[in-house]
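A.B. asks: Note that numbering that gives the first Met the number 0 has the sequence shown beginning at 0, numbered continuously upward. The beta carbon of each residue, even a glycine, is placed where N, CA and C say it ideally should be.
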Amino acid sequence: MTGIAFGLGPATLLAFCAAAIALILTPGPDTVYVLARGVQDRNSGIRSALGIATGVLLHTAAATLGLAALLRAAPVAYRALKYAGALYLVYLGLTAIRHREFDPQVETSSGGSFRRGVFVNALNPKVALFFLAFLPTFAGTGAGADVRMVLLGGAYAVLTAAYLCLVAVASDRASDALESRRVTSGLNWVGGGVMVALGVGLGLE
0 MTGIAFGLGP
10 ATLLAFCAAA
20 IALILTPGPD
30 TVYVLARGVQ
40 DRNSGIRSAL
50 GIATGVLLHT
60 AAATLGLAAL
70 LRAAPVAYRA
80 LKYAGALYLV
90 YLGLTAIRHR
100 EFDPQVETSS
110 GGSFRRGVFV
120 NALNPKVALF
130 FLAFLPTFAG
140 TGAGADVRMV
150 LLGGAYAVLT
160 AAYLCLVAVA
170 SDRASDALES
180 RRVTSGLNWV
190 GGGVMVALGV
200 GLGLE
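1. Alpha carbon to alpha carbon, what distance is there between THR30 and GLN104?
2. Return the chain-ordered list of same chain residues with a C-beta closer than 8 Å to the C-beta of TYR32, the five sequence neighbours on each side being excluded.
3. Can you look up PRO135 in the DSSP assignment and give me helix, strand or coil?
4. Looking only at C-alpha atoms, which of THR63, ALA161, ALA79, TYR77 sits nearest to GLY143?
5. Looking at the structure shown, is ALA73 part of a helix, part of a strand, or coil, going by DSSP?
6. Classify GLY65 as buried or exposed, calling it buried when 16 or more other Cβ atoms lie within 10 Å of its own Cβ.
7. Mark THR1 as exposed unless 16 or more other C-beta atoms lie within 10 angstroms of its C-beta, in which case mark it buried.
8. Any chance the segment 77–86 sits against the segment 142–158, with 3 or more Cβ pairs inside 8 Å?
9. By a C-beta neighbour count over all protein chains shown, 10 Å radius and 16 as the cutoff for buried, is GLY44 buried or exposed?
10. Report all residues from its chain with a CB closer than 6 Å to the CB of LEU56; omit the five preceding and five following residues, and keep chain order.
11. VAL126 and GLY37: beta carbons closer than 8 Å?
12. Could you name the residues of the same chain whose beta carbon sits closer than 6 Å to that of LEU165, not counting the 5 residues immediately before and after it, in chain order?
13. Rank GLY111, GLY27, GLY8 by C-alpha distance to the C-alpha of THR94 and give the top, closest one.
14. What would DSSP say about GLY65, mapped onto helix, strand or coil?
15. Just verifying my parser: in three-state terms, what is the DSSP assignment at ASP40?
16. If you reduce the DSSP assignment to three classes, tell me which class ALA196 lands in.
17. Taking Cβ positions, are ILE23 and LEU128 nearer each other than 8 Å?
18. Name the two residues that bound the continuous alpha helix (DSSP H) containing PRO9.
19. Would THR11 pass as a contact of PHE137 if the rule is Cβ separation under 8 Å?
20. In chain order, what residues of the same chain lie with their CB nearer than 8 Å to the CB of ALA83, ignoring the 5 residues before and after it?
21. Could you pull the start and end residues of the alpha helix (DSSP H) that LEU158 belongs to?
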């Protein structure tokens, strides 16, 4: 009822959710990070998923307030955020390799998994620009457009959290087959290496 009251009819909501699900299912840094954390343990994976969903809310706020438009209009600001995100991904990857953070037998703090999930998503400028283009398409213009963008962004965050939590649970169940020392050592190198590769790729784009 609230969505309809602000001009978001059932057809618009259905179309938005269908498009959002298709985009959420596309593999990226968020999925890779939650998958690796989920193999470590289910709670770490779920906390990471919720952190990434919180990052989605930050991008929604940025798009609503026009900060994403500023990134598009100011190449220097865009590059600064891009390099910060790239460096953070490389840092996560190297830290994972060094401290065996993707080892199922190594515990991480609850706040750390959530916080890193937030940063993995929030420091990706491509997501910011995507939200700038994606949300207004469905929110439209005129009175209540900002409110509609917030509602749609919230829906996207909920869908993101639901999917990534499923990824975390599935990867946790698969971790039972990954208990040998050789496999867990390889997992750290693969998980950390993927994060480094994603960071380098983002920095070179």
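C.D. replies: Straight from the coordinates:
1. Since pLDDT at GLN104 reaches only 49, below the 50 mark, its modelled position is unreliable, and the value read off the structure follows with that caveat. Spanning the two alpha carbons is a distance of roughly 21 Å.
2. SER47, ILE51, LEU91, ARG115, GLY116, VAL119, MET194
3. helix
4. THR63
5. coil
6. exposed
7. Low per-residue confidence applies at THR1: pLDDT is 49, beneath 50, and the placement is therefore not dependable, though the value from the model is reported in the following sentence. By the neighbour-count rule (16 or more Cβ atoms within 10 Å), THR1 is not buried but exposed.
8. no
9. buried
10. ALA156
11. no
12. none
13. GLY111
14. coil
15. coil
16. helix
17. no
18. 9–23
19. yes
20. LEU122
21. 144–173
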